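Trainee: Residue 46 in numbering that gives the first Met the number 0 sits at position 47 of the sequence shown; the count goes up by one each step and never skips. Even for Gly, the Cβ is constructed at its ideal location relative to N, Cα and C. Being a predicted model, the structure only gives us computed values, none of them experimental.
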Amino acid sequence: MKNCSKCGAKMIEKPAETPEGFEYTYYKCSKCGEEIIDMKQLRNIAEKYRIMKKYRAKLSKWGLSLGIRIPKELVNKYGLNEEDEVSIIPEKNGFLIINEKQY
Numbered sequence: 000m001k002n003c004s005k006c007g008a009k010m011i012e013k014p015a016e017t018p019e020g021f022e023y024t025y026y027k028c029s030k031c032g033e034e035i036i037d038m039k040q041l042r043n044i045a046e047k048y049r050i051m052k053k054y055r056a057k058l059s060k061w062g063l064s065l066g067i068r069i070p071k072e073l074v075n076k077y078g079l080n081e082e083d084e085v086s087i088i089p090e091k092n093g094f095l096i097i098n099e100k101q102y
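#1: On the CB-based measure, 16 or more other CB atoms within 10 Å of its CB, does M10 come out buried or exposed?
#2: Answer yes or no: do Y54 and L73 have a C-beta to C-beta separation smaller than 8 Å?
#3: Can you look up M51 in the DSSP assignment and give me helix, strand or coil?
#4: Can you tell me whether C3 is buried or exposed? The criterion is at least 16 other CB atoms within 10 Å of its CB, across all chains shown.
#5: Cβ of Y26 within 8 Å of Cβ of E12?
Take a look at the structure:
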């Protein structure tokens, strides 16, 4: 168990999750509330963010709905074509698109 660098009280290890779903642990002081993350955890989360490349896409109006274009790099990476169907799964902070293509 670690001691708080501000007040010297014991720190409690707690689980947490980033908005993108990466799990990690941090330490919270039981007295003053100071929160810290160790360097190993920080490096681990940073590496996950480096691996997770974000893509930007602009929404377009298609009738009464909205459409999204999938970037060419992702189309090629996942072997998508215009006849494919995907599932859209609502999540806490957005949605997930799953390729339903059978191999």
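Mentor: Once the coordinates are examined:
#1: Translated into positions along the sequence shown, residue 10 becomes position 11. It counts as buried.
#2: Within the sequence shown, the letter at position 55 stands for residue 54. Within the sequence shown, the letter at position 74 stands for residue 73. In this structure, Y54 places its C-beta atom within 8 Å of the C-beta atom of L73.
#3: Indexing the sequence shown from 1 puts residue 51 at position 52. Coil.
#4: Against the sequence shown, residue 3 aligns to sequence position 4. With 16 or more other Cβ atoms from the protein chains shown falling within 10 Å of its own Cβ, C3 counts as buried.
#5: By 1-based counting over the sequence shown, the position of residue 26 is 27. By 1-based counting over the sequence shown, the position of residue 12 is 13. A contact, by the Cβ cut-off of 8 Å.
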